[in-house]
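Q:
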Amino acid sequence: MSDKNDVVIIELDRPRELRYGHKALKKLTALTGKGLDKLDTDNFDLEEIEKVLYCGLLSDAKDNNETLKLEDMEDLLDQAPSYGHIMEKMQAAFNLAFGQFEDAEKN
-1 MSDKNDVVII
9 ELDRPRELRY
19 GHKALKKLTA
29 LTGKGLDKLD
39 TDNFDLEEIE
49 KVLYCGLLSD
59 AKDNNETLKL
69 EDMEDLLDQA
79 PSYGHIMEKM
89 QAAFNLAFGQ
99 FEDAEKN
């Protein structure tokens, strides 16, 4: 279970926890067909953004006894306050998931 230090809150239909742990990243690589080294958050197309956020929101849905489907993402993302909010929160969650690894590589 997560200690919640690696969670970003994104405002959609309700405040939701966005997190990229091992399970989410594994599902993301399966859905996109890309390895982690090929995921470029600056160049995602709209369908990839839906897949990325879907994977990051699955844990929150499970914790709230919800069944989240990839097909739901389009409508769910339309409930965000702005597209900038979506992109900011997605990037923040990725930074939490990979930040320590990147910092260690720089040293």
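Position 37 of the sequence shown, counting from 1, maps to 35 under the working numbering, and the rest follow consecutively.
Glycine residues also receive a C-beta, built at the ideal position from the N, C-alpha and C atoms.
#1: Would you report the Cα separation of Ala91 and Gly31, rounded to the nearest angstrom?
#2: Just the Cα atoms here: how many angstroms apart are Ala78 and Glu72?
#3: Buried or exposed: where does Glu86 fall if 16 or more other Cβ atoms within 10 Å of its Cβ makes it buried?
#4: Start and end of the beta strand (DSSP E) containing Val5?
#5: Leaving aside the five residues before and after Glu46 along the sequence, list all residues of the same chain whose C-beta is less than 8 Å from its C-beta, in chain order.
A: By the coordinates alone:
#1: In the sequence shown, residue 91 corresponds to position 93, counting from 1. In the sequence shown, residue 31 corresponds to position 33, counting from 1. Straight across, the Cα-Cα distance linking Ala91 with Gly31 is about 20 Å.
#2: Counting from one through the sequence shown, the residue named residue 78 turns up at place 80. Counting from one through the sequence shown, the residue named residue 72 turns up at place 74. Using only the alpha carbons, I get a separation of about 11 Å.
#3: Position 88 of the sequence shown, counted from the start, is the residue given in the question as residue 86. It is exposed - the Cβ of Glu86 has fewer than 16 other Cβ atoms within 10 Å.
#4: Position 7 of the sequence shown, counting from 1, holds the residue named residue 5. Run containing Val5: none; DSSP gives neither H nor E here.
#5: Counting from 1 along the sequence shown, the entry for residue 46 is found at position 48. Correct list, in chain order: Thr30.
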